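The next block holds one structure in the form of structure tokens; read it before the comments.
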Amino acid sequence: NYHREAEEGTVRDVGIVLEQELEKKGINVIHDKTMHDRPSYNESYNRSLETIQSLTQQYPTAVYVIDLHRDAAAAAATEGKYIEINGERVAKFSMVVGKQNDNYTSLYAFAKKVSERAESMYAGYGGAIIEQNYKYNEFVSDKALLLEVGNNKNTIEESRRCAVYFANVLADIIEEEQQ
């Protein structure tokens with residue numbers, strides 16, 4: 062695992078943009094910046110589950126849980142996956158849904174809703190849904206997303222822009238669901 066200590070230029074940086082954009086829209090955000098894949102990746106989901114459980118106890122009305130990642134590009138890739146929105150290169154996103162979760166049907170339905178809303182708001186932006194035979198920590202909420210923003214071949218600017226547009230999509234869904 063390669064890590065940078067600074068937040069700038071990392072997935073945590075992208076998380077800060079997502080947090081700021083959602084808060085501009087009046088959505089309260091709890092952004093935990095703990096790096097759970099240290100000292101090793103193998104226990105990262107166990108460590109992050111402890112954090113999620115602690116936060117959901119502190120904030121019992123929290124509904125949406127986002128586990129933010131940056132995907133790894135195929136070795137042969139020369140650039141990240143992106144789309145142009147309003148003349149800007151924006152990293153594409155995907156969502157991973159764990160098929161071993163008891164709430165898999167709800168998780169998949171929510172990911173599908175996000176993907177379809179993204180596509181309707183920004184043509185070509187709808188995120189891929191990747192199903193895996195794992196749980197991750199998505200069982201904590203029917204509105205949990207394991208969100209992959211761009212990949213290691215995308216620029217940080219492309220990934221930050223993805224967070225801006227994703228915040229618009231998520232805010233639109235949250236507003237609709239709260240009516």
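For the sequence shown, our numbering begins at 62 and goes up steadily by one.
Don't be surprised by glycine CBs; every beta carbon is placed ideally from N, CA and C.
Note that the coordinates shown come from a computational prediction; the quantities given were computed from them, not determined experimentally.
Can you give the Cα-Cα distance for residue i and residue j, rounded to whole angstroms?
i	j	result
D93	D128	10 Å
R65	T216	Bear in mind that the predicted position of R65 carries a pLDDT of just 47, short of 50, making it unreliable; the figure below should be weighed with that in mind. Rounded to whole angstroms, R65 to T216 spans 15 Å at the Cα level.
A172	Y186	14 Å
E237	Q114	27 Å
R166	E219	The displayed chain sequence assigns Thr, not Arg, to residue 166. Each residue's alpha carbon lies about 31 Å from the other.
Excluding the 5 residues flanking residue i on each side, which residues of the same chain have their C-beta closer than 6 Å to its C-beta?
i	result
V124	K204
E80	V90 and H92
H130	E209
D132	E209 and N212
A189	S155
S202	V126
Pull the bridge partners of residue i from the DSSP assignment, please.
i	result
Y125	K204
I190	M156
D163	In DSSP, D163 forms no bridge with anything.
V210	F154
E140	Partner(s): none; E140 has no beta bridge.
Please report the residue range of the alpha helix (DSSP H) in which residue i lies.
i	result
M96	Unbroken run through M96: none, as it is neither H nor E.
A232	I217 to E238
Y106	S105 to Q119
Contact check, residue i vs residue j under 8 Å by CB: the rounded distance?
i	j	result
A224	V75	5 Å
Y169	K153	With 8 Å as the limit, Y169 and K153 do not qualify as a contact, their Cβ atoms being about 19 Å apart.
T117	T95	Their Cβ separation, rounded to whole angstroms, is 15 Å, which puts T117 and T95 out of contact at 8 Å.
R150	V230	That pair is no contact at about 18 Å.
I234	V175	7 Å
Counting along the chain, where does the beta strand (DSSP E) carrying residue i start and finish?
i	result
V72	V72 -> not in any beta strand (DSSP E); alpha helix (DSSP H) instead, spanning V72 to K85.
I146	Y143 to I146
Apart from the five residues just before and just after residue i, which ones in its own chain have a Cβ nearer than 8 Å to its Cβ?
i	result
Q161	N194, Y195 and K196
R221	D74, V75 and V78
S109	T95, H97, D128 and N198
Got a sec? Which residues, its chain only, sit under 7 Å from residue i by beta carbon, not counting five neighbours each side?
i	result
A232	L83, K86 and I88
E180	Y186 and G187
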